[in-house]
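Read through the structure below, which is laid out as structure tokens, and then see the notes.
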Amino acid sequence: MSAAADPLAPFDVATSGWTRRHAAHLLWRAQHGATDAEVTRAHEEGLPATLDRLLSPQPETSEFTAADATLAQLAADSGDIGDLKAWWAHRIVRTANPLVEKMTLFWHNHFATSNTKVDSVPRMTAQNDTLRTHAVGSFRELLGAMTRDVAMLVWLDGNANRRRQPNENFARELLELFALGVGNYTERDIQEAARAFTGGHVRQEKFWFNARQHDEGAKQVFGASGNFDGGEIIDLCLAQPSCACFLATKLLRQFVMPLPPDQSIDALAAKLREQDYQLAPALRTLFASELFFSAAAERSIIKSPADLVLGTLRTLEARANLRPAVQLMAELGQNLFEPPTVKGWEGGRLWINSASMLKRANFATDLAFSDRYGAIADPAELAASRHWRRIDEMLQHYVELLWSADAGESLPLLEQAMSETHGTLSQRLRGVVHLVLAAPRYQLM
Amino acid sequence: MSFQLFHVRSFALVLGLLVAVGARFAAAESELVAAFPAGAVVYGELSDAGAVAERLHGSAYWSTLVDSPQWKQAQGTPQWRQFAAGRTLVERQLGMDAWEAAKSLLGHRVAVALYPRGPGEKPNVVALVRTADAGFLPQLREQLAPMLALAEEKLHVSQALDGVERINLDNHGFLAWKGDWLVFADKEQLLDQSLSLLAKNEGESLKQDQPYQAMLAQAKWDAPPSDSNTRLLRVYANMAMINQAAGGRFVPEKLDNALSSLVLGESLQLASRSPYLSVAVDVGDHGWLATATTAGDRAELGELYAPFFPPAGEAGVKPFPEVPKLLGGVTIYRDFAKWYGLREQLLQEQLMPEFDKFESGLANLLPGKDFGEDVLPLVGRRLTFVAAPQDFAHLDGEPAVKLPGFALVVELAKPDEAAAILQFFTQTLAAILNIEAGQQGRQPWVMTSEAYQGVQIAYADYLDKPTGDKLGIAFNFLPATARVGDQYILSSSRGLCRQLVDALQQPATSIGAHEAPRTIDTSLQVGPITDLLEENREFFQGRMIQEGRTAEEAKAEFDVLITLLRRLVSLRLSTVAEAKTFQLQFAGSWQ
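Sequence lines, in order, name chains A and B. Using my numbering, the first residue of the first sequence is number 7, and each one after it goes up by one. Using my numbering, the first residue of the second sequence is number 273, and each one after it goes up by one.
This is the structure in structure tokens:
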């Protein structure tokens with residue numbers, strides 16, 4: 007395919023340049039938020055090196071490791087799902103592997119499993135760890151792992167799937183939601199696939215293959231016949247052309263734009279098949295594409311509650327108050343470990359309604375002026391440490407950091423807003439931070 | 273389990289300020305009250321605070337405090353920097369260390385009184401300071417002379433024939449001083465009255481106010497404290513004036529909260545009817561006692577409040593049962609059945625539907641019985657709640673979050689009948705919890721019993737002993753019940769139930785032994801509580817990390833908290849119903 011016709015042709019850095027704006031755009035999509043230092047580093051390293059870093063394991067700091075272990079232990083000890091949410095939120099805000107956390111959340115939404123039914127911190131933790139292990143690895147292996155995941159089996163009534171009376175829940179969701187998408191299978195495929203998964207049970211909190219309850223008979227799935235088991239059903243699914251298209255569509259909607267062009271879906275699907283569903287090469291192609299950096303893609307995605315709340319805490323390097331933060335995310339419609347249905351969070355325009363807009367605005371106020379969701383670095387102290395003497399330098403910093411853009415026409419308006427507020431320099435700068443966070447354009451990335 | 277660690281930390285720091293005190297001071301009756309005009313609504317007097325501050329400054333407690341992460345964090349705030357800048361300016365002007373200056377000025381005797389103004393207006397204030405060093409105020413005056421000269425247009429300085437210097441602070445305040453005393457008032461008339469009283473003993477002083485006199489007669493406010501302790505702080509409030517300012521009654525006739533009524537009903541009503549409220553804080557080498565006193569003639573409250581007091585000659589609460597390593601407890605004396613019967617007169621109308629709902633719900637469990645008529649009269653007048661460490665013998669391992677065992681000891685008015693009903697309640701609860709356990713994949717309980725020291729203990733046990741070093745929080749609880757004479761034990765731990773059986777079978781002697789009739793007694797043994805906090809360190813540090821601290825900061829702050837708490841021995845809060853007074857006592861001890 008020629009470069010001109012290739013919908014996922016690489017972004018031409020030589021022609022377009024590699025600016026801080028490009029770096030910020032990449033990081034806000036590939037992570038939850040981006041600190042000033044992260045944007046600077048990505049800008050200085052360039053696109054290929056940044057992608058290498060995002061897609062390969064990076065060492066965590068000792069501080070992160072210590073806090074992560076303590077929070078994980080707290081969740082395990084208390085058995086309180088709120089503590090587990092706080093643990094994950096801490097990872098998202100502080101990790102040196104932010105793309106892994108972004109993909110873990112992507113898969114959590116994809117294999118939507120809710121603790122309201124699972125009702126177990128250890129089970130949800132194990133599932134989360136599985137999602138993280140395969141987050142940017144092999145989709146084939148991830149899908150296989152999820153057929154043996156205890157939380158998933160409890161969620162979709164695995165123990166009720168028995169030889170004489172197969173339960174179709176898991177098979178239906180596998181085909182409809184996890185692998186192929188609606189309309190790419192028949193009812194017969196579901197029934198036969200369900201037979202293949204019979205006997206996959208939970209016993210003493212572990213996956214157990216209950217041979218006595220497994221249907222050993224011949225099955226017919228997608229036109230193929232055989233004595234299929236669960237693993238072979240996975241292979242059959244991945245061999246379907248619709249699987250790669252289904253996955254490609256989801257990835258493009260998540261990272262590029264809400265309505266990706268069909269040609270880009272086909273191109274990414276081809277890449278997935280070519281790489282046997284290895285995610286890292288597909289993600290690299292996606293993030294390095296002209297389409298990703300196009301004007302149509304820029305600011306086309308509405309920030310999810312995770313992007314808004316946790317992303318902002320990360321960007322401003324706040325001392326996050328984790329439990330209130332995850333509670334706010336739940337109120338905004340994204341309750342970690344408790345997606346509303348097996349379809350997960352639909353997201354997009356559905357994140358925005360009159361109630362959530364008010365809460366988003368209140369979040370901006372609380373973050374700028376109180377410690378409710380976390381303590382941001384004092385703006386006046388930051389200005390002193392950076393030796394900023396002029397007001398426009400301070401304003402430019404926050405606009406660049408939060409809007410990923412030059413202050414431009416907004417600068418006089420922000421200066422005027424600052425001059426009209428009273429109080430110390432810190433209070434007035436916090437007022438500007440509030441204005442920037444509350445602006446409609448901040449809801450987009 | 274959530275734990276307000278912030279409040280514990282703040283409380284520990286405040287207590288710690290008192291912990292560092294171990295000095296003896298010499299203050300008996302109030303020296304200054306005679307210099308205050310009559311009609312004060314509140315009066316407070318601090319004695320020998322300088323020596324207290326000196327001891328605190330030189331104590332290990334202080335060095336722990338200034339080395340703490342909280343202190344260092346505070347030093348980074350803009351408010352601290354402003355304070356430090358202000359201190360430097362003051363020191364340069366005074367030519368002396370600000371700390372020493374503050375001690376010299378405020379460290380001997382300080383008294384403040386508030387006087388009422390119109391509705392909604394801030395009260396007037398009079399303050400009097402008496403220094404130990406007679407040369408300090410003249411020295412201070414000399415240092416401030418240039419500033420006074422610069423502010424000549426705003427300040428009016430005058431000298432009286434008797435040597436008193438007066439300074440008018442632009443009609444916003446009025447100061448007078450001579451020798452070793454200094455008076456401030458925000459109203460000139462009050463200053464004049466105070467000066468008359470000081471110099472010539474002319475005029476009506478606060479000492480002659482009738483509520484003040486009543487307080488002196490009843491509350492022993494001016495009497496020397498016991499056991500060579502020293503009276504550090506005294507506070508007096510004219511309750512009649514406060515009630516008037518509140519538009520009639522500070523406390524309504526009927527309360528809007530049932531628990532407040534049950535626990536504090538009588539103390540609130542007595543306080544609102546009393547002409548005075550007094551507070552005295554005594555400090556000794558190893559402890560303190562703070563006593564708040566009101567006039568408390570229970571006869572004035574009438575039959576409506578009879579449930580809150582023991583009959584004349586009868587003891588109120590009994591001493592706490594002697595349980596090894598008791599963490600603490602609460603014991604309360606109430607005629608619960610009578611209180612419940614009088615609820616419509618004690619509580620506001622909007623609470624009544626909740627009681628009706630409660631009774632309807634209970635009727636499902638006890639068909640044919642009325643809670644107020646048939647169940648509550650079976651219960652006696654004393655309820656005791658205790659907590660003590662448990663041994664987790666019911667597990668092959670231990671829970672990740674270790675809680676103490678808890679127990680409620682209920683005095684029974686009709687032991688046989690009451691014990692049967694309480695046992696029925698326990699069985700029903702166990703059955704309900706077993707259903708929940710099954711749903712959550714937990715081990716169910718089996719109800720069984722044992723004979724222990726001649727007493728039948730009914731308890732829950734597991735079919736298979738749960739195994740593990742980090743079991744869930746639910747594994748802290750395994751209910752056990754027993755009846756010892758007219759005492760019924762409901763416990764979360766079989767071990768604690770056994771200990772209570774032992775304790776209740778012994779003659780009553782304990783840490784809570786006392787003579788005066790108490791209606792509520794609360795005790796905390798800080799050492800065992802600190803041990804428990806230490807055992808659950810990871811849990812609390814995790815919570816602190818959730819709030820935004822790093823792992824290192826969380827550890828350091830928790831270490832400071834433990835160090836501060838280790839200095840404390842015990843805390844006690846109790847109410848004492850004497851014939852003519854009602855007291856709330858708060859006592860603490862340290863090493």
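The C-beta atom is built at its ideal place from N, Cα and C for all residues, glycine as well.
Quick one: Cα of Ala300/B to Cα of Glu326/B, how far?
Locating residue 300/B in the second sequence gives position 28, counting from the first residue. Locating residue 326/B in the second sequence gives position 54, counting from the first residue. Confidence in Ala300/B is poor, its pLDDT being 43 and thus under 50, which makes the residue's placement unreliable; the coordinate value appears in the next sentence. So the alpha carbons of these two residues sit roughly 21 Å apart.
Within chain A, partners of Val673/B - CB distance below 8 Å:
Here residue 673/B corresponds to residue number 401 of the second sequence, with the count starting at 1. Within 8 Å Cβ-Cβ: Asp83 and Ser84.
State yes or no: is the C-beta of Ala307/B within less than 8 Å of the C-beta of Leu469/B?
Within the second sequence, the letter at position 35 stands for residue 307/B. Within the second sequence, the letter at position 197 stands for residue 469/B. Against a cut-off of 8 Å, the Cβ pair of Leu469/B and Ala307/B comes out as a contact.
Per-residue contacts from Arg325/A into chain B (C-beta, under 9 Å):
Translated into positions along the first sequence, residue 325/A becomes position 319. The answer, in chain order, is Glu819, Gly820, Arg821 and Thr822.
Can you tell me whether Gly757/B is helix, strand or coil according to DSSP?
Position 485 of the second sequence holds residue 757/B. Note: Gly757/B maps to coil in three-state DSSP.
Can you pull the chain B neighbours of Gly380/A, defined as C-beta to C-beta under 8 Å?
Mapped onto the first sequence, residue 380/A falls at position 374. In chain order: Gly820.
In the region 587-653 of chain B, which residue ranges form an unbroken beta strand (DSSP E) of at least 3 residues, counting only runs that do not cross its ends?
Within the region 587-653 of chain B, the complete beta strand (DSSP E) runs of at least 3 residues are 600-605.
So with Cβ pairs under 8 Å, would you call Ile834/B a contact of chain A?
As a first step, residue 834/B is located in the second sequence; it is residue number 562 there, counting from the start. No, its Cβ sits nowhere closer than 8 Å to a Cβ of chain A.
For a contact meaning CB atoms closer than 9 Å, what does Lys742/B contact in chain A?
Taking the second sequence and counting its residues from 1, the one referred to as residue 742/B is at position 470. Listed along chain A, the residues sitting closer than 9 Å to Lys742/B by beta-carbon distance are Gln79, Ala82 and Asp83.
Alpha-carbon to alpha-carbon, Phe203/A and Asp235/A
For the purposes of this step, residue 235/A is identified with residue 229 of the first sequence, where counting begins at 1. For the purposes of this step, residue 203/A is identified with residue 197 of the first sequence, where counting begins at 1. The straight-line gap from Cα to Cα measures roughly 6 Å.
Leu162/A (DSSP reduced to helix, strand or coil)
Numbered from its first residue, the first sequence carries residue 162/A at position 156. Leu162/A falls in the coil class under three-state DSSP.
Nearest-angstrom Cα separation, counted from Asp89/A out to Ala587/B
Position 315 of the second sequence, counted from the first residue, corresponds to residue 587/B. Position 83 of the first sequence, counted from the first residue, corresponds to residue 89/A. Each residue's Cα considered, the two are about 47 Å apart.
Using the beta-carbon of each residue, which ones in chain B are nearer than 9 Å to Glu337/A?
Residue 337/A sits at position 331 when you count from the first residue of the first sequence. None at all; the shortest Cβ gap to chain B is about 18 Å.
Name the DSSP bridge partner or partners of Ser319/B?
If you number the second sequence from 1, residue 319/B lands on position 47. DSSP lists Arg381/B as partners of Ser319/B.
Mind listing the chain B neighbours of Glu69/A? Cutoff is C-beta to C-beta under 9 Å, in chain order.
Position 63 of the first sequence, counting from 1, holds the residue named residue 69/A. Think of a sphere of 9 Å around the beta carbon of Glu69/A: the chain B residues whose beta carbon falls inside it are Thr822, Ala823 and Glu824, in chain order.
Find the nearest neighbour of His116/A within the set Tyr448/A, Arg396/A and Phe343/A, judged by alpha-carbon distance.
Looking up residue 116/A in the first sequence gives position 110. His116/A has its Cα closest to that of Phe343/A, out of Tyr448/A, Arg396/A and Phe343/A.
Cβ neighbours of Ala685/B in the same chain (closer than 7 Å, five flanking residues each side left out):
The residue labelled residue 685/B in the question sits at position 413 within the second sequence. So the list reads Pro649, Leu650, Val651 and Gly652, once near-sequence residues are dropped.
Let me know if Ser533/B comes out buried or exposed under the rule of 16 or more other beta-carbons within 10 Å of its beta-carbon.
As a position in the second sequence, residue 533/B is number 261, starting the count at 1. It is buried - the Cβ of Ser533/B has at least 16 other Cβ atoms within 10 Å.
So what's Met451/A in DSSP terms, helix, strand or just coil?
Here residue 451/A refers to the residue found at position 445 when the first sequence is read from its first residue. Coil, per DSSP.
Are the region 503-511 of chain B and the region 310-323 of chain B in contact at 8 Å, needing three or more beta carbon pairs?
yes
With a threshold of 8 Å between beta carbons, is Gln712/B in contact with chain A?
Stepping through the second sequence from its first residue, residue 712/B is reached at position 440. Yes, Gln712/B lies at the interface with chain A (some Cβ there is under 8 Å from its Cβ).
Using the C-alpha atoms, what's the distance from Phe215/A back to Thr603/B?
Position 331 of the second sequence, counted from the first residue, corresponds to residue 603/B. Position 209 of the first sequence, counted from the first residue, corresponds to residue 215/A. Taking the straight line from one Cα to the other gives about 56 Å.
Whole-Å CB distance - Glu406/A paired with Asp412/A, under 8 Å assumed
Translated into positions along the first sequence, residue 406/A becomes position 400. Translated into positions along the first sequence, residue 412/A becomes position 406. That belief holds up - the Cβ atoms of Glu406/A and Asp412/A are roughly 7 Å apart, short of 8 Å.
Tell me, please, whether the CB atom of Leu328/A is closer than 8 Å to any CB atom in chain B?
In the first sequence, the residue the question calls residue 328/A occupies position 322. True, the Cβ-Cβ gap to chain B drops below 8 Å.
As a quick exercise: from Ala859/B, Ala312/B, Asp405/B and Ala356/B, pick the residue whose alpha carbon is nearest that of Arg866/B.
Only positions 273 to 863 of chain B appear in the structure, and residue 866/B is not among them; the question remains open.
With distances taken between CB atoms, is the gap from Val262/A to Ala303/A smaller than 8 Å?
Position 256 of the first sequence, counted from the start, is the residue given in the question as residue 262/A. Position 297 of the first sequence, counted from the start, is the residue given in the question as residue 303/A. Going by C-beta atoms, Val262/A is nearer than 8 Å to Ala303/A.
Span of the alpha helix (DSSP H) around Phe252/A:
Within the first sequence, numbered from 1, the residue matching residue 252/A stands at position 246. Start and end: Pro247 to Phe261.
Can you list, in chain order, the residues of the region 51-75 of chain A whose Cβ is nearer than 7 Å to any Cβ on chain B?
Glu69, Ala72 and Ala73
What would DSSP say about Gln728/B, mapped onto helix, strand or coil?
What you label residue 728/B is simply residue 456 of the second sequence in a count that begins at 1. In the structure shown, Gln728/B falls within a strand segment according to DSSP collapsed to helix, strand and coil.
Per the DSSP calculation, Leu684/B is bridged to which residue(s)?
As a position in the second sequence, residue 684/B is number 412, starting the count at 1. In the DSSP output, where bridge partners are listed per residue, Leu684/B has Val651/B.
Which whole-angstrom value is the C-beta distance of Lys252/B and Asn808/B, which I expect to be below 8 Å?
The first residue shown for chain B is 273 and the last is 863, placing residue 252/B beyond what the model contains.
The beta strand (DSSP E) enclosing Val456/B, as first and last residue numbers:
For the purposes of this step, residue 456/B is identified with residue 184 of the second sequence, where counting begins at 1. The identity of residue 456/B in the sequence shown is Phe, whereas the question assumes Val. Unbroken beta strand (DSSP E) run through Phe456/B: Trp453 to Ala457.
Shortest alpha-carbon distance to Tyr548/B belongs to which of Met513/B, Asp803/B and Leu531/B?
By one-based count along the second sequence, residue 548/B stands at place 276. Taking only the C-alpha atoms, the option nearest Tyr548/B is Met513/B.
Measure from the alpha carbon of Ser310/A to the alpha carbon of each residue in Ala20/A, Gly350/A, Ser300/A and Tyr283/A, then state which is nearest.
The sequence position of residue 310/A within the first sequence is 304, counting from 1. For Ser310/A, the nearest C-alpha among the options comes from Gly350/A.
Using the Cα positions of Ala517/B and Phe446/B, report the straight-line distance between them to the nearest angstrom.
Numbered from its first residue, the second sequence carries residue 517/B at position 245. Numbered from its first residue, the second sequence carries residue 446/B at position 174. Those two C-alpha atoms are separated by around 26 Å.
Residues of the region 741-765 of chain B whose Cβ lies closer than 7 Å to any Cβ of chain A, in chain order
Listed by position, the residues of the region 741-765 of chain B near chain A (Cβ gap below 7 Å) are Lys742, Gly744 and Ile745.
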